[in-house]
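So the structure is just underneath, and the comments pick up after that.
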DNA sequence: CATTCCATGATTGTATCCAATCCGTGGGCT
DNA sequence: AGCCCACGGATTGGATACAATCATGGAATG
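Residue numbers (my numbering), protein chains in the order written: chain F, 9 to 223; chain A, 9 to 223.
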């Protein structure tokens with residue numbers, strides 16, 4: 009039998025997808041009645057899922073007026089990336105020295121997935137695999153709270169990330185970065201890993217800030 | 009007329025108090041029916057408030073089994089304080105140079121409140137004023153997301169903080185620390201401020217870890 | 001005696017209903 | 001015309017009712 013899941017969890021997953029895919033656009037109000045209906049549930053589990061997203065900063069909430077998909081200002085964007093950088097630096101500083109050879113092997117397996125996905129050009133698959141790669145590294149820190157905070161920051165900009173991985177130049181660039189990163193990890197070279205991760209953020213922030221400026 | 013507030017907001021405030029005061033003990037299951045009844049609301053707003061607390065790590069949630077007041081392990085505690093330290097360092101590094109003379113004056117006003125509260129020995133008042141002091145500093149960073157993350161980390165250990173401010177020696181110590189801190193702020197001396205804040209955390213972690221070990 | 005199974009009560013999950021609030025709109029007044 | 005207020009539709013907030021799930025304990029079985 010497939011995993012018995014609560015409606016609320018399913019709703020949460022679906023909402024994340026709709027925000028990341030742009031089906032729910034930044035600034036837009038979430039009309040609970042119609043959204044709940046379109047998801048095939050009542051408003052109760054939907055509202056609980058929205059509370060979770062509110063805590064992550066993916067939506068904002070105004071009492072008696074409802075939930076709105078978060079609309080980041082440039083200042084918000086700068087803050088999110090600054091926070092990402094201090095959190096990710098810490099995760100790498102702690103985690104890289106703890107990497108086992110098995111961990112490295114696992115990371116290389118993920119890289120194979122990423123590159124395979126890149127060949128097919130399936131943007132969703134690339135995005136997911138890229139994420140798995142970076143978070144597998146962060147998780148080596150053994151700091152689950154820290155990793156969750158980093159994940160929240162990534163999610164916060166999902167609505168703007170757009171189609172970065174849709175052009176082959178960007179895909180090639182990503183692969184190069186990943187290869188540099190894994191070399192640093194094999195050498196357990198913390199500082200290079202941190203620098204590499206910073207470069208990765210640099211690309212990301214450029215894509216996202218363009219998306220924000222367009223809107 | 010006083011602020012019209014939603015039930016859910018009131019419930020959230022009350023839950024925070026009950027967790028911080030130990031009325032809801034770490035590890036204990038939250039029985040929604042009875043708690044909702046004791047708060048005079050139905051389960052719907054209670055559940056939404058619990059979702060918020062779950063996002064902050066104050067309670068844990070197991071589908072179909074319910075919510076439990078978070079019970080920190082020593083490893084969790086270490087992680088929370090490590091995260092606090094990187095977040096607070098950043099807030100000070102950004103915020104201290106931005107402090108205006110007005111800000112400093114405001115901080116001194118708060119310190120007067122803290123010391124007045126200390127004289128009365130009202131633990132709740134001291135705790136609240138102490139918190140106001142530290143967060144007023146953090147807020148100088150103009151990084152609301154960062155400040156919120158720091159606040160979450162403070163909240164995470166509220167259930168264990170106990171009666172630190174109940175002994176006069178500790179109160180005296182706190183006042184001394186605050187005076188050192190404000191000197192550093194007046195001098196816009198980032199590094200000393202960071203060191204002072206680290207010392208403050210050091211006290212805190214000792215208190216909290218004792219509380220965890222007792223349980 | 002240990003183990004499995006099921007019945008049962010306790011608790012959570014969700015749908016539905018109604019109340020409270022907000023917001024736009026239009027009529028009346030100056 | 002411009003302003004104010006009352007009203008009505010749209011939407012959210014919360015209470016209640018019921019369904020789904022889980023945990024407990026005791027009976028049946030080996």
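Just so it is clear, CB atoms sit at the ideal spot from N, CA and C, and this is done for glycine as well.
Secondary structure at residue i, three-state DSSP: helix, strand or coil?
{"i": "residue 66 of chain F", "result": "coil"}
{"i": "residue 37 of chain A", "result": "strand"}
{"i": "residue 49 of chain A", "result": "coil"}
{"i": "residue 215 of chain F", "result": "helix"}
{"i": "residue 155 of chain F", "result": "helix"}
{"i": "residue 18 of chain F", "result": "helix"}
{"i": "residue 171 of chain A", "result": "coil"}
{"i": "residue 103 of chain F", "result": "helix"}
{"i": "residue 9 of chain A", "result": "In this prediction, residue 9 of chain A scores a pLDDT of 42, lower than 50, which makes its location untrustworthy; the coordinate-derived value is nonetheless stated afterwards. It is coil, neither helix nor strand."}
Give the C-beta separation of residue i and residue j to the nearest angstrom, bearing in mind that I take them to be a contact with Cβ-Cβ under 8 Å.
{"i": "residue 44 of chain F", "j": "residue 65 of chain F", "result": "The Cβ separation is near 22 Å, so there is no contact."}
{"i": "residue 20 of chain F", "j": "residue 220 of chain F", "result": "No, residue 20 of chain F and residue 220 of chain F are not in contact; Cβ-Cβ is about 25 Å, not under 8 Å."}
{"i": "residue 67 of chain F", "j": "residue 15 of chain F", "result": "Not quite, the Cβ-Cβ distance comes to about 18 Å (not below 8 Å), so this is no contact."}
{"i": "residue 36 of chain F", "j": "residue 100 of chain F", "result": "Not confirmed; about 36 Å, so no contact."}
{"i": "residue 63 of chain F", "j": "residue 40 of chain F", "result": "In fact, because the Cβ distance is near 18 Å, the residues do not count as touching under 8 Å."}
{"i": "residue 159 of chain A", "j": "residue 143 of chain A", "result": "7 Å"}
{"i": "residue 194 of chain F", "j": "residue 112 of chain F", "result": "6 Å"}
Please name the residue in the options whose C-alpha comes closest to that of residue i.
{"i": "residue 97 of chain F", "options": "F/154, F/70, F/138", "result": "F/154"}
{"i": "residue 83 of chain A", "options": "F/109, F/149, F/134, F/46", "result": "F/149"}
{"i": "residue 121 of chain F", "options": "F/157, F/140, F/103, F/109", "result": "F/140"}
{"i": "residue 128 of chain F", "options": "F/22, F/222, F/175", "result": "F/175"}
{"i": "residue 125 of chain A", "options": "A/94, A/210, A/180, A/47", "result": "A/180"}
{"i": "residue 94 of chain F", "options": "A/157, A/143, A/145", "result": "A/157"}
{"i": "residue 69 of chain F", "options": "F/207, F/38, F/42", "result": "F/38"}
{"i": "residue 12 of chain F", "options": "A/30, A/26, A/72", "result": "A/72"}
{"i": "residue 136 of chain A", "options": "A/85, A/163, A/151", "result": "A/163"}
{"i": "residue 161 of chain A", "options": "A/110, A/186, A/209, A/108", "result": "A/209"}
{"i": "residue 177 of chain F", "options": "F/55, F/132, F/211, F/145", "result": "F/211"}
{"i": "residue 147 of chain A", "options": "A/130, A/25, A/108, A/133", "result": "A/108"}
{"i": "residue 18 of chain F", "options": "F/34, F/31, F/32, F/54", "result": "F/54"}
{"i": "residue 115 of chain F", "options": "F/145, F/123, F/207", "result": "F/145"}
{"i": "residue 106 of chain A", "options": "A/196, A/203, A/202", "result": "A/196"}
{"i": "residue 47 of chain F", "options": "F/185, F/102, F/22, F/151", "result": "F/22"}
{"i": "residue 184 of chain F", "options": "F/33, F/30, F/123", "result": "F/123"}
{"i": "residue 7 of chain A", "options": "A/132, A/186, A/151", "result": "Nothing can be reported for residue 7 of chain A: it is not among the residues displayed for chain A, which extend from 9 to 223."}
{"i": "residue 202 of chain A", "options": "A/119, A/102, A/110, A/133", "result": "A/102"}
{"i": "residue 138 of chain F", "options": "F/25, F/182, F/222", "result": "F/182"}
{"i": "residue 85 of chain F", "options": "A/42, A/119, A/151", "result": "A/151"}
Could you list which residues in chain A have their beta carbon closer than 9 Å to that of residue i, in chain order?
{"i": "residue 52 of chain F", "result": "52, 55"}
{"i": "residue 24 of chain F", "result": "Within 9 Å Cβ-Cβ: nothing; residue 24 of chain F doesn't reach chain A, min ~14 Å."}
{"i": "residue 222 of chain F", "result": "What residue 222 of chain F touches in chain A: nothing, since even the nearest Cβ is about 23 Å away."}
{"i": "residue 60 of chain F", "result": "59, 60, 62, 63"}
What does residue i reach in chain A if we use C-beta pairs closer than 7 Å?
{"i": "residue 71 of chain F", "result": "14"}
{"i": "residue 98 of chain F", "result": "94"}
In chain F, what lies closer than 8 Å to residue i by C-beta?
{"i": "residue 65 of chain A", "result": "153"}
{"i": "residue 88 of chain A", "result": "153"}
Identify the contact partners of residue i in chain A, using a Cβ-Cβ distance below 8 Å as the criterion.
{"i": "residue 157 of chain F", "result": "91, 157"}
Exercise for the section: Pair every Cβ in the stretch 84-99 of chain A with every Cβ in the stretch 205-218 of chain A, then say whether three or more of these pairs are closer than 8 Å. Expected result: yes
Practice task
Taking 8 Å as the threshold, find out whether the stretch 155-174 of chain F comes into contact with the stretch 188-206 of chain F through three or more Cβ pairs.
Solution key: no
Practice task
Check whether the stretch 46-64 of chain F touches the stretch 57-76 of chain A, taking contact to mean three or more Cβ pairs, one atom from each stretch, closer than 8 Å.
Solution key: yes
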